[in-house]
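Data block below; observations after.
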Amino acid sequence: ASATTRRNRQSPRAPSGWGHQKAASWLRKEETFYRDGLFTDITLLCASGVIFLCHKAVLAACSNYFKAMFTADLKEKSKNQIKLPGVSHTILDSLVNYAYTSQIQITEKNVQSLLQAADLLQFVSVKKACEQFLVRHVDTVNCIGMHSFAEYHLCSELEKESRRILLSRFEEVWRHEEFLDISCEKLLFILSRDNLNVWKEEAAIEPVAKWIAYDVEKRIEYIFDLLNCLKIDLNEIYLRSALSLRKKHQLNENKIRSLISSALNTNPKDISRRPTAAMYVIGGYYWHPLSEVHVWDPLTNAWIQGTDMPDYTRESYGVTSLGPNIYVTGGYRSDNIEALDIVWIYNSETDQWTEGCPMLNARYYHCAVTLGGCVYALGGYRKGAPAQEAEFYDPLIKKWIPIANMIKGVGNATACVLCDVIYVIGGHYGYRGSCTYDKIQSYHSGSNEWRIVTTSPHPEYGLCSIALQNKLYLVGGQTAIADCYDPEHNEWRQMAHTMERRMECGAVVMNGCIYVTGGYSYSKGTYLQSIEKYDPELNKWEVVGNLPSAITSKHVALNSKFQFKTIDLFTFVLVFANFPF
């Protein structure tokens, strides 16, 4: 078959910051030689027959694979053509152009193929760039496949992040189609982890039954290995007997789950539980700004204290989490109302604060959310007026990047992410917040576009929004009204009223329930300390405990290990003594 020469074709050069620095003038000359086909001394032949006329020195400088090939005592050393049947011409084109330009375009379509080829040909910097790209795009839908991919290609960062999502958000992960194709070995690995985040061990029975039922003829034999990974008191003799009386083709998901549930001992022995998601309370306000970090540990029903925020005079900042890190953005100082652009980052695994890259726009009373591995700062106030500017922080390149302005600049609004769309709800606008905004704005990162979604039936500011079960839940504000919005069907539903009116409260989702904490009660004229829990299945609120002190604050929920010093909060331990978990 004839081969097509690619020496004169130049791939699109889209700078992405992945290339290491080289001598610029030498690089430009070598690129010119490559483009013009001058002084080439090696030909690369890819799977489709396309050839690339290259320079050994350039390839060896970027690739340990080629360096070893051209310097070691191998037969390829004396050859003038190298066959690479496992690499497509588009991927090889990208790698060769990277060798000459230090620039490469990484996209969602080419990243896995590019990483595989970079791993094979030992383009170390390209492989690392692809890995970081994938780390940003790991989610509950693809984390199982990403974890296997990372293990195969020895990508430690990707393996760590995909494993973190897989274990911390397992109750979301197993509901996706990818879970059905998981290997038994991988499922055993997941279920045996001590940091698997399940509210109760019995909750892991459903995914086990679902996985077995998908291919019951082959998978039923693994049922006891899988159940032995769970911290449940199982009557194994009963279950074996019950299974022996039924033919495999009669065992569907419901039947398997029912048999396992029937085999659970009614008076289970005391079994240690796994860590679950933790609630982090960051700073807050009680007549003056607070800088403490408090963490609720559901294993011990205790509050534990982390390292205080370094900047203790700041208030009205935004808080969001990305992986194990909690980002605290903007705000203003208590001695003046000058908006700040500063960012502090709290690492929940090391209990340490570090200063982050300042935002492009100073702001306070703004919204902060996380989407696609990036941190977004939206709207807020500056110089007493609402700001329309929005931006996001990319931790891979450590830069803030502006996005399209909001349709309406608002402050003291609330925002959350649902199905890769950012929703900004309510807030106020006008000079010093004289008007309440009744619309919900949505941001679509793919098109960099804002839209008006709907009108809120109860316009508010100082409220919280939570994404749960593909719906938006709105709680808090000046009233006890709580609303649920279904974006897919554009439907509103009023929930049961909260037990307190909570302005600027905190809210998180843990274990399928909504926890609303603290806030300021206009009706009582005081700050609140209580925590309310909402069960969406029962449509019911109940008080389940107290914060360490009465505050307005921002909260996030994380799955992490607790390595902090315990504080003496005996009364609060008693309050949580009957907390259901």
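Residue numbers (this note's numbering): 12 to 592.
Glycine included, every Cβ here is placed at the ideal spot set by N, Cα and C.
Could you pull the start and end residues of the alpha helix (DSSP H) that Val227 belongs to? Val227 to Arg230
Return yes when the Cβ of Val304 is within less than 9 Å of the Cβ of Thr340, no when it is not. no
DSSP state of Phe235, grouped into three classes? helix
Flag this pair as yes or no: are the beta carbons of Leu245 and Ile223 separated by less than 9 Å? no
For Gln332 versus Thr381, is the C-beta spacing smaller than 9 Å? First, the residue type needs correcting, since residue 332 is Ser and not Gln in the sequence shown. Contact flag set, yes.
Cβ-based neighbour list, His2, same chain, cut-off 6 Å, excluding 5 preceding and 5 following: Residue 2 is absent from the structure shown; the chain starts at 12 and stops at 592.
Contact defined as beta carbons within less than 8 Å: I believe Ile492 pairs with His469. What is the distance between those atoms, to the nearest angstrom? A Cβ-Cβ separation of about 5 Å places Ile492 in contact with His469 under the 8 Å criterion.
Could you tell me the distance, in whole angstroms, from the CA atom of Pro300 to the CA atom of Ser345? 7 Å
Option in Arg513, Leu262 and Ala518 with minimal Cα separation from Thr537: Arg513
Residues near Cys154 in its chain [Cβ-Cβ closer than 7 Å; skip 5 each side]: The residues are Ser173, Ile176, Leu177 and Val184.
In or out: Ile234 buried (at least 16 other Cβ within 10 Å) or exposed? buried
Starting from Lys125, follow the alpha helix (DSSP H) in both directions and report where the run begins and ends. The residue you asked about is not Lys; residue 125 is Leu in the sequence shown. That run of the alpha helix (DSSP H) goes Val122 to Leu132.
Mind reading off the beta-carbon distance from Leu243 to Leu275? Whole number of angstroms is fine, and I expect it under 8 Å. For clarity, residue 243 is Ile in the given sequence; the question names Leu instead. Yes, they are in contact, since the Cβ atoms of Ile243 and Leu275 sit about 6 Å apart, within 8 Å.
For Asn336, does the count of other Cβ atoms within 10 angstroms reach 16, so buried, or fall short, so exposed? buried
List in chain order: all unbroken beta strand (DSSP E) runs of 3+ residues lying wholly within the segment 35–113. Correct list: 53–57, 62–65 and 92–95.
Does the contact criterion of 3 or more C-beta pairs under 8 Å hold for the segment 391–399 versus the segment 410–422? Look at the beta carbons and you see the segment 391–399 touching the segment 410–422: at least three pairs across the two are nearer than 8 Å.
Could you pull out every residue in the same chain whose Cβ sits closer than 6 Å to the Cβ of Gln133, ignoring the five residues on either side in sequence? Ser74, Asn75 and Tyr76
Span of the alpha helix (DSSP H) holding Lys138? DSSP places Lys138 inside the alpha helix (DSSP H), whose first and last residues are Val135 to Arg147.
Extent of the continuous beta strand (DSSP E) to which Arg462 belongs: Glu460 to Thr466
Who are the near neighbours of Thr94 in its chain, counting only those whose CB is closer than 7 Å to its CB and skipping five residues on each side? Note on residue identity: the sequence assigns Lys, not Thr, to residue 94. Answer for Lys94: Leu56, listed in chain order.
Expressed to the nearest angstrom, what Euclidean distance is found between the alpha-carbon atoms of Val354 and Asn550? 38 Å
By Cβ distance below 6 Å, which residues in the same chain neighbour Val98 in space, the five residues on each side in sequence not counted? Once the five neighbours on either side are set aside, the close Cβ partners of Val98 are Cys57 and Ala128.
Using 9 Å as the threshold, is the C-beta distance between Gly457 and Val146 below it? No; because the gap between Cβ atoms is not below 9 Å, this pair is not in contact.
Looking at the structure shown, is Met157 part of a helix, part of a strand, or coil, going by DSSP? helix
Whose CA, out of Tyr291, Met510 and Trp307, lies closest to the CA of Trp552? Met510
Euclidean distance between Cα positions of Ser179 and Gly334: 10 Å
On the three-state DSSP scale, how would you describe Glu182? helix
Please state if the CB of Thr324 and the CB of Asp362 are separated by a distance shorter than 9 Å. no
Reference Leu262; option with closest CA among Lys221, Ile248, Ala288 and Gly295: Lys221
Boundaries of the alpha helix (DSSP H) in which Asn265 is found, first to last residue: Glu264 to Ser273
Going by C-alpha to C-alpha distance, which of Asp494, Val209 and Ile542 sits closest to Tyr4? The structure shown has nothing for residue 4, since the chain only spans 12 to 592.
Apart from the five residues just before and just after Pro26, which ones in its own chain have a Cβ nearer than 8 Å to its Cβ? At Pro26, the pLDDT of 47 sits below 50, so the modelled position is not reliable; the number obtained from the coordinates is stated separately. Excluding positions up to five away in sequence, the list reads Gln114.
Looking at the structure shown, is Lys409 part of a helix, part of a strand, or coil, going by DSSP? coil
Alpha carbon to alpha carbon, what distance is there between Gly294 and Glu502? 35 Å
Selection from Asn91, Val464, Asp84 and Arg186 that minimises the alpha carbon distance to Cys65: Asn91
Tell me whether His260 sits in a helix, a strand or coil according to DSSP, three-state version. helix
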